[in-house]
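Engineer: Residue numbers (this note's numbering): 82 to 313.
C-beta: ideal position from N, C-alpha, C; glycine also.
These figures come from a predicted structure and were not determined experimentally.
(1) Quick one: Cα of residue 149 to Cα of residue 130, how far?
(2) Quick check on the DSSP output: the beta strand (DSSP E) that includes residue 267 runs from which residue to which?
(3) If you drop the 5 nearest sequence neighbours on each side, which residues of the same chain put their C-beta closer than 8 Å to that of residue 86?
(4) As a quick exercise: from 278, 302, 174 and 284, pick the residue whose alpha carbon is nearest that of residue 293.
(5) Give the range of the beta strand (DSSP E) segment to which residue 223 is assigned.
(6) Could you pull out every residue in the same chain whose Cβ sits closer than 8 Å to the Cβ of residue 233, ignoring the five residues on either side in sequence?
(7) If we count Cβ pairs, one from each stretch, closer than 8 Å, do we get three or more for the region 179-189 versus the region 132-150?
(8) Would you call residue 287 buried or exposed, if buried means 16 or more other Cβ atoms sit within 10 Å of its Cβ?
(9) Judging by CA-CA distance, which residue of 297, 240, 303 and 230 is the nearest neighbour of residue 160?
(10) Counting only the same chain and skipping the five closest in sequence on each side, list residues whose C-beta sits under 8 Å from that of residue 275.
(11) Could you check what DSSP says for residue 97 in three-state terms: helix, strand or coil?
(12) Taking just the CA atoms, how far does residue 251 sit from residue 245?
(13) Please report the distance separating the alpha-carbon of residue 104 from that of residue 141.
(14) Run through DSSP, which three-state label would residue 217 get?
(15) For residue 283, does the three-state DSSP call read helix, strand or coil?
(16) Just checking my contact of residue 122 with residue 295 at CB under 8 Å: how many whole Å lie between their CB atoms?
(17) Between which two residues does the alpha helix (DSSP H) holding residue 115 run?
(18) What are the partner residues of residue 146, as DSSP defines its beta bridges?
(19) Based on the DSSP output, what are the partners of residue 136 in its beta bridges?
(20) Quick check: what's the CA-CA separation for residue 242 versus residue 280?
(21) Which two residues bound the contiguous beta strand (DSSP E) that contains residue 197?
(22) Taking residue 195 as the reference, which of 174, 165, 223 and 171 has the closest Cα?
(23) Can you tell me where the alpha helix (DSSP H) with residue 289 in it begins and where it stops?
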C-alpha cells in the first residue's frame, strides 16, 4: 500500500508538478526583461523616489514553483530615514495582529510633514503609519504579461522594507481583513525559511522540497475552501 502511494505521488510529480528547465529559463528571462522596463519607467516618472536596487524573487527563483512557470515577485526596497520612521510589531499595537507591523512616523515636532518623501503616503488619524507608496494600491499590484503566444507571466510588484535588525516587511495585505488593516506591513520569513529548507535537505538527503512542491501543486490544481489562497 505504501509503495503504491509512493509510486502514485511520483507519477503525479512527474506529470503535473515538475516544470521543465527550459520553461523556467524562458520565464526567468521574461521576468528579467519586465524588471528592467519597470526600473526605467519608475526612474523616469519618479526620479526622486528613494529606492534601492529592485530584484526578482519568489518560488520561480527557489526551484519551488509548480505546475507552470507563471509567477514571480519584483521586490522594490524603499529607503526610509532612520530618525523619521519606526516599526512596531502588530501584536504590540491596539490592533493586535501578529505577523504584521505598523511603520510609524516619528519626530513630527522637529521634522514636520514633507521632511520625508514618504510623508505623502501617511495615513491620517491617531496612529499615523506608512501606507503603501502612492504608485502601489492597497491591494497587491500584479502585472499580467503575455510574453509568448501561449505563455503568460504574473509579476507581483512588492514594496519592501528592511529594518535595522534585519526584519523584512512587504506591502502585502492581510488575507482576511485587507481593508481593516491596510496600513500594516506583512513580515516576510521567506529567505530564512527557504535557506532552512535547503539546509535540512542537504544534511540528510531528504525530499522535503519535493514533498512541499507536491502539496503546493495539489492546492493549486484543486483550490481549497473559500478564504484560502492557492499556492503559486
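Structural biologist: Considering the structure as presented:
(1) If you number the chain shown from 1, residue 149 lands on position 68. If you number the chain shown from 1, residue 130 lands on position 49. Using only the alpha carbons, I get a separation of about 35 Å.
(2) Residue numbering aside, residue 267 sits at position 186 when the chain shown is read from its first letter. Residues 265-269.
(3) For this step, residue 86 is matched to residue 5 along the chain shown. Contacts found: none.
(4) What you label residue 293 is simply residue 212 of the chain shown in a count that begins at 1. Out of 278, 302, 174 and 284, 278 has the C-alpha closest to the C-alpha of residue 293.
(5) By 1-based counting over the chain shown, the position of residue 223 is 142. From DSSP, the beta strand (DSSP E) with residue 223 extends over 222-229.
(6) If you number the chain shown from 1, residue 233 lands on position 152. Answer for residue 233: 151, 225, 226 and 227, listed in chain order.
(7) no
(8) The residue labelled residue 287 in the question sits at position 206 within the chain shown. Looking at its Cβ environment, which holds fewer than 16 other Cβ atoms inside 10 Å, residue 287 is exposed.
(9) Here residue 160 is taken as the residue at index 79 of the chain shown, counted from 1. The shortest Cα separation from residue 160 among 297, 240, 303 and 230 belongs to 240.
(10) Against the chain shown, residue 275 aligns to sequence position 194. Excluding residues within five positions, the ones whose Cβ falls inside 8 Å are 143 and 145.
(11) Stepping through the chain shown from its first residue, residue 97 is reached at position 16. Correct three-state label for residue 97: helix.
(12) For the purposes of this step, residue 245 is taken as the residue at position 164 of the chain shown. For the purposes of this step, residue 251 is taken as the residue at position 170 of the chain shown. Rounded to the nearest angstrom, the two C-alpha atoms are 15 Å apart.
(13) Residue mapping note: residue 104 aligns to position 23 of the chain shown, counting from 1. Residue mapping note: residue 141 aligns to position 60 of the chain shown, counting from 1. Rounded to the nearest angstrom, the two C-alpha atoms are 11 Å apart.
(14) Within the chain shown, the letter at position 136 stands for residue 217. Bear in mind that the predicted position of residue 217 carries a pLDDT of just 32, short of 50, making it unreliable; the figure below should be weighed with that in mind. Coil, per DSSP.
(15) Working through the chain shown from its first residue, we reach residue 283 at position 202. Looking at residue 283 - three-state DSSP - the assignment turns out to be helix.
(16) As a working mapping, residue 122 is identified with position 41 in the chain shown. As a working mapping, residue 295 is identified with position 214 in the chain shown. That pair is no contact at about 38 Å.
(17) Working through the chain shown from its first residue, we reach residue 115 at position 34. From DSSP, the alpha helix (DSSP H) with residue 115 extends over 102-126.
(18) Against the chain shown, residue 146 aligns to sequence position 65. Note: residue 146 sits in no beta bridge, so no partner.
(19) In the chain shown, residue 136 corresponds to position 55, counting from 1. Paired residues: 156.
(20) Numbered from 1 along the chain shown, position 161 holds the residue referred to as residue 242. Numbered from 1 along the chain shown, position 199 holds the residue referred to as residue 280. Whole-angstrom Cα-Cα distance: 26 Å.
(21) In the chain shown, the residue the question calls residue 197 occupies position 116. First-last for residue 197: undefined, no H or E at that position.
(22) Numbered from 1 along the chain shown, position 114 holds the residue referred to as residue 195. Taking only the C-alpha atoms, the option nearest residue 195 is 165.
(23) For this step, residue 289 is matched to residue 208 along the chain shown. Run containing residue 289: 289-302, per the alpha helix (DSSP H) assignment.
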